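In the order they appear, the protein sequences are chains A and B.
The numbering of the first sequence is my numbering, which starts it at 1 and goes up by one.
The numbering of the second sequence is my numbering, which starts it at 1 and goes up by one.
Down below is the structure, laid out as structure tokens.
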Amino acid sequence: MKYYLKTKFKIEYLLFLSVCFLIIRCNDTSEAYKPGQIQKINPESESYLKHEEIAVSPPPFSDGVFPCNDCHAFRKPNPVRRKLEWHEDITDIFNHDSENRWCLDCHDLIKRDSLRLASGKLLDFKESHKLCGQCHGDKLRDWKVGVHGRRTGEWNGKKEYYLCVSCHNPHSPKFKPIKPEAPPFREDEEIK
Amino acid sequence: MKKPVNYSGRRKFLKNLSLFAVGSLALSGCGPVTMKEFLQKNFRTLSKKEKDEIIKDLEKKYTAKYGKEFHVTDEPAADGVEFGYALDLSRCVGCRRCVYACVKENNQSRDPQIHYIQVLQMEKEKGIDFAHSDVHYNPELVPEEGYFYVPVQCQQCRNPQCTEVCPVKATWQEPDGIVVVDYNWCIGCRYCMAACPYGARHFNWGEPTIPADEVNPETHYLGNRPRMKGVVEKCTFCIKRVRNGKYPACVEICPVGARKFGNLLDPESEIRYILANKRVLVLKQELNTQPRFYYFFGV
Ligand code: SF4
Ligand code: SF4
């Protein structure tokens with residue numbers, strides 16, 4: 001019950017504190033995930049691939065947002081679904097079944113630096129593909145064998161995988177249209 | 001006294017004369033080709049020593065021309081490897097990233113322009129229909145509502161018509177399935193272009209131009225080494241990369257992961273998984289070209 005208690009004063013005070021802390025943390029370069037740094041994950045034993053480990057890209061956090069606890073340690077957890085007073089960049093675009101889901105369907109209420117499976121099991125951000133796979137099992141299966149998603153490296157050896165969230169914004173996952181490269185100059189060699 | 005006509009001598013003379021004429025014609029038409037290059041044999045009949053010498057000469061020539069240290073290899077096909085390709089039609093958004101990654105990797109001429117990959121835009125309502133496809137689409141954003149995209153490049157046919165018609169055997173299929181061209185042996189007759197049902201072969205109508213700062217100096221003799229005017233070229237699945245274990249350039253660049261590549265003889269490869277588990281098709285199946293390039297629906 002104690003998490004449910006809140007007073008307006010407390011909330012504002014905590015907000016102020018967390019903003020201060022965020023500003024301090026922004027200059028700190030010792031984040032857990034750096035862009036371009038390769039993390040190793042262990043695919044489950046049912047993996048179709050021969051390789052013990054596959055390398056995946058690090059989670060694509062926006063600047064200064066991780067670890068979440070830098071701010072959330074000073075906020076009282078509130079499990080009630082509501083309009084947030086923070087994270088507008090996310091709430092504005094959120095359309096991942098937004099009618100039925102919100103933050104705490106994937107993020108843990110207490111352990112802010114973890115994701116949370118429906119079973120209650122906590123998950124590191126670098127294993128977010130397992131979270132996506134709860135609903136999109138067919139895609140996860142194809143991703144593991146190298147058929148869904150993009151990968152680079154060797155066709156017969158070491159590959160780098162990209163996490164689901166490297167291509168799909170988890171809060172707005174549909175692939176966005178992009179600008180095409182220039183069309184070819186000549187007409188004479190197209191197949192008709 | 002009238003001398004008897006030495007028929008065989010005269011014939012020999014005429015033959016030599018015409019050879020000389022054809023030779024000098026060819027030489028004048030093909031830009032800076034040395035006599036040594038002109039007399040070079042078909043790649044497949046060269047000895048190891050001859051190949052090494054030719055490759056060394058080429059490296060020197062390209063290094064001088066582009067001001068960058070060039071490497072040319074003749075890495076042969078590996079045992080137990082047959083390359084296959086699969087492209088996910090349900091994912092391709094028609095962004096043409098693959099087209100230009102290919103141009104860069106394979107040193108295609110920028111002007112006159114050569115593209116190994118043509119991305120065809122087709123109407124969803126019509127299905128795969130080459131006659132009504134458009135390669136010049138250019139909207140602000142892709143994919144466009146109501147359309148899908150079919151990138152076409154060399155299908156590395158098991159039964160290639162292009163190699164069949166070549167009158168001088170300048171193009172052939174390698175043991176790993178890649179159809180290659182010996183640019184030095186190609187006479188530029190373009191029979192192969194007429195024979196290929198996929199428009200996959202391209203002719204250098206002019207002296208190819210590649211900006212020196214964009215040229216790729218890591219090359220293969222049968223692939224991405226710079227070409228000359230008057231020869232035919234085509235996609236080789238990035239022979240330089242794939243024979244070194246790497247994915248082709250188009251596979252790596254594709255932002256939606258529509259392009260898949262691997263060893264058809266390895267039952268655990270991505271490509272075999274696709275063939276076993278997805279809906280797969282080949283283009284112009286009725287022609288019996290038996291492509292190693294498959295299209296599939298990943299969803
Ligand atoms: S890069 Fe990928 S999505 Fe873009 S046109 Fe090529 S195959 Fe299609
Ligand atoms: S697609 Fe054309 S160029 Fe490629 S192997 Fe088949 S016939 Fe030859």
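We put the beta carbon where it would ideally sit given N, CA and C, even for glycine.
Every value quoted in this text rests on a predicted model; they were computed, and no experiment measured them.
Proximity winner among the options, relative to residue i (alpha-carbon distances)
{"i": "Phe-94 of chain A", "options": "A:Pro-180, A:Phe-61 and A:Asn-169", "result": "A:Asn-169"}
{"i": "Val-152 of chain B", "options": "B:Cys-162, B:Cys-166 and B:Ile-117", "result": "B:Ile-117"}
{"i": "Leu-283 of chain B", "options": "B:Ala-86, B:Val-256, B:Leu-265 and B:Val-232", "result": "B:Ala-86"}
{"i": "Lys-48 of chain B", "options": "B:Glu-37, B:Thr-63, B:Thr-73 and B:Thr-34", "result": "B:Thr-73"}
{"i": "Ser-201 of chain A", "options": "A:Pro-173, A:Arg-75, A:Pro-184 and A:Leu-123", "result": "Look at the range of chain A in this structure, 1 to 192, and you will see that residue 201 of chain A is not part of it."}
{"i": "Glu-268 of chain B", "options": "A:Pro-180, A:Glu-181 and A:Asn-156", "result": "A:Asn-156"}
{"i": "Cys-186 of chain B", "options": "B:Val-165, B:Leu-141, B:Leu-281 and B:Pro-175", "result": "B:Val-165"}
{"i": "Ser-90 of chain B", "options": "B:Tyr-62, B:Asn-107 and B:Phe-148", "result": "B:Phe-148"}
{"i": "Arg-81 of chain A", "options": "A:His-87, A:Ser-119, A:His-171 and A:Trp-102", "result": "A:Trp-102"}
{"i": "Asn-277 of chain B", "options": "A:Asp-138, A:Pro-183, A:Tyr-162 and A:Ala-182", "result": "A:Asp-138"}
{"i": "Ala-249 of chain B", "options": "B:Asp-88, B:Lys-61, B:Leu-58 and B:Val-99", "result": "B:Val-99"}
{"i": "Cys-157 of chain B", "options": "B:Thr-289, B:Tyr-294, B:Tyr-295 and B:Val-299", "result": "B:Thr-289"}
{"i": "Arg-112 of chain A", "options": "A:Lys-126, A:Lys-130 and A:Asp-70", "result": "A:Asp-70"}
{"i": "Thr-236 of chain B", "options": "B:Ala-200, B:Val-256, B:Pro-255 and B:Asp-213", "result": "B:Ala-200"}
{"i": "His-87 of chain A", "options": "A:His-96, A:Phe-74 and A:Cys-68", "result": "A:Cys-68"}
{"i": "Glu-145 of chain B", "options": "B:Ser-133, B:Met-122 and B:Met-228", "result": "B:Met-122"}
{"i": "Glu-233 of chain B", "options": "B:Pro-139, B:Asn-138, B:Val-181 and B:Cys-254", "result": "B:Val-181"}
{"i": "Lys-144 of chain A", "options": "B:Gln-285, B:Ile-274 and B:Tyr-294", "result": "B:Ile-274"}
{"i": "His-72 of chain A", "options": "A:Asn-100, A:Cys-167, A:Pro-58 and A:Leu-109", "result": "A:Leu-109"}
{"i": "Cys-162 of chain B", "options": "B:Leu-120, B:Ala-195 and B:Lys-51", "result": "B:Ala-195"}
{"i": "Cys-238 of chain B", "options": "B:Lys-124, B:Val-168, B:Ile-178 and B:Phe-130", "result": "B:Ile-178"}
{"i": "Lys-65 of chain B", "options": "B:Lys-260, B:Glu-75 and B:Arg-227", "result": "B:Arg-227"}
{"i": "Pro-76 of chain B", "options": "B:Asn-184, B:Asn-159, B:Lys-104 and B:Lys-51", "result": "B:Lys-51"}
{"i": "Cys-180 of chain A", "options": "B:Val-251, B:Asn-42, B:Tyr-137 and B:Tyr-191", "result": "Checking the sequence, you will find Pro at residue 180 of chain A rather than Cys. Checked all of B:Val-251, B:Asn-42, B:Tyr-137 and B:Tyr-191; the closest Cα to Pro-180 of chain A is B:Tyr-137."}
{"i": "Cys-254 of chain B", "options": "A:Tyr-162, A:His-107, A:Phe-185 and A:His-171", "result": "A:Tyr-162"}
8 Å Cβ cutoff met for residue i and residue j
{"i": "Gly-153 of chain A", "j": "Glu-160 of chain A", "result": "yes"}
{"i": "Cys-95 of chain B", "j": "Ile-178 of chain A", "result": "yes"}
{"i": "His-202 of chain B", "j": "Ile-114 of chain B", "result": "yes"}
{"i": "Arg-110 of chain B", "j": "Pro-211 of chain B", "result": "yes"}
{"i": "Ser-128 of chain A", "j": "Cys-164 of chain A", "result": "yes"}
{"i": "Leu-301 of chain B", "j": "Phe-83 of chain B", "result": "The structure shown has nothing for residue 301 of chain B, since chain B only spans 1 to 299."}
{"i": "Thr-219 of chain B", "j": "Lys-246 of chain B", "result": "no"}
{"i": "Arg-272 of chain B", "j": "Phe-297 of chain B", "result": "no"}
{"i": "Leu-287 of chain B", "j": "Pro-197 of chain B", "result": "yes"}
{"i": "Gly-120 of chain A", "j": "Glu-270 of chain B", "result": "no"}
{"i": "Val-215 of chain B", "j": "Asn-107 of chain B", "result": "yes"}
{"i": "Leu-39 of chain B", "j": "Arg-225 of chain B", "result": "no"}
{"i": "Gly-300 of chain B", "j": "Gly-262 of chain B", "result": "An answer regarding residue 300 of chain B cannot be provided, because it is not within the stretch 1 to 299 covered by chain B."}
{"i": "Lys-60 of chain B", "j": "Pro-217 of chain B", "result": "no"}
{"i": "Cys-92 of chain B", "j": "Ala-258 of chain B", "result": "yes"}
{"i": "Arg-292 of chain B", "j": "Gln-155 of chain B", "result": "yes"}
{"i": "Leu-131 of chain A", "j": "Leu-117 of chain A", "result": "yes"}
{"i": "Pro-59 of chain A", "j": "Lys-158 of chain A", "result": "no"}
Proximal chain A residues relative to residue i, where beta-carbon distance stays under 7 Å
{"i": "Asn-288 of chain B", "result": "Within chain A, no residue comes near Asn-288 of chain B; the closest Cβ sits about 17 Å away, beyond 7 Å."}
{"i": "Cys-95 of chain B", "result": "Ile-178, Pro-180 and Glu-181"}
{"i": "Asn-204 of chain B", "result": "Per Cβ cutoff of 7 Å: no residues; Asn-204 of chain B is ~12 Å from chain A at best."}
{"i": "Glu-252 of chain B", "result": "Thr-152"}
{"i": "Gln-153 of chain B", "result": "By Cβ distance, chain A contributes nothing, its closest Cβ being about 11 Å from Gln-153 of chain B, past 7 Å."}
{"i": "Gln-161 of chain B", "result": "The contacting residues do not exist; Gln-161 of chain B stays about 14 Å from chain A at best."}
Per-residue contacts from residue i into chain A (C-beta, under 9 Å)
{"i": "Pro-255 of chain B", "result": "Arg-150, Cys-167, Phe-175 and Ile-178"}
{"i": "Leu-141 of chain B", "result": "Lys-176, Pro-177, Ile-178, Lys-179 and Pro-180"}
{"i": "Val-242 of chain B", "result": "Trp-155"}
{"i": "His-220 of chain B", "result": "None at all; the shortest Cβ gap to chain A is about 16 Å."}
Closer than 8 Å at the beta carbon, the chain A residues around residue i
{"i": "Phe-261 of chain B", "result": "Trp-155"}
{"i": "Val-99 of chain B", "result": "Glu-181 and Pro-184"}
{"i": "Lys-246 of chain B", "result": "Gly-153, Glu-154 and Trp-155"}
{"i": "Gly-298 of chain B", "result": "Asp-142, Val-147 and His-148"}
Against chain A: residues of the segment 264-284 of chain B by CB proximity under 7 Å: Glu-268, Glu-270, Tyr-273 and Ile-274
What are the residues in the segment 61-95 of chain A lying within 7 Å of chain B by C-beta distance? none
What residues from the segment 129-152 of chain A come within 8 Å of chain B, judged by C-beta to C-beta, listed N to C? Asp-142, Val-145, Gly-146, Val-147, His-148, Gly-149, Arg-150, Arg-151 and Thr-152
Please name the residues in the segment 166-184 of chain A whose beta-carbon is closer than 8 Å to at least one beta-carbon of chain B, in chain order. Cys-167, Phe-175, Pro-177, Ile-178, Lys-179, Pro-180, Glu-181, Ala-182, Pro-183 and Pro-184
Chain-ordered residues, beta carbon under 6 Å from a heavy atom of ligand 2: B:Cys-154, B:Gln-155, B:Gln-156, B:Cys-157, B:Pro-160, B:Gln-161, B:Cys-162, B:Val-179, B:Cys-196, B:Tyr-198, B:Ala-200, B:Arg-201, B:Lys-234 and B:Thr-289
Could you run through the segment 118-137 of chain B and flag, in chain order, every residue whose CB is less than 7 Å away from some CB of chain A? Gln-118, Phe-130, Ala-131, Val-135, His-136 and Tyr-137
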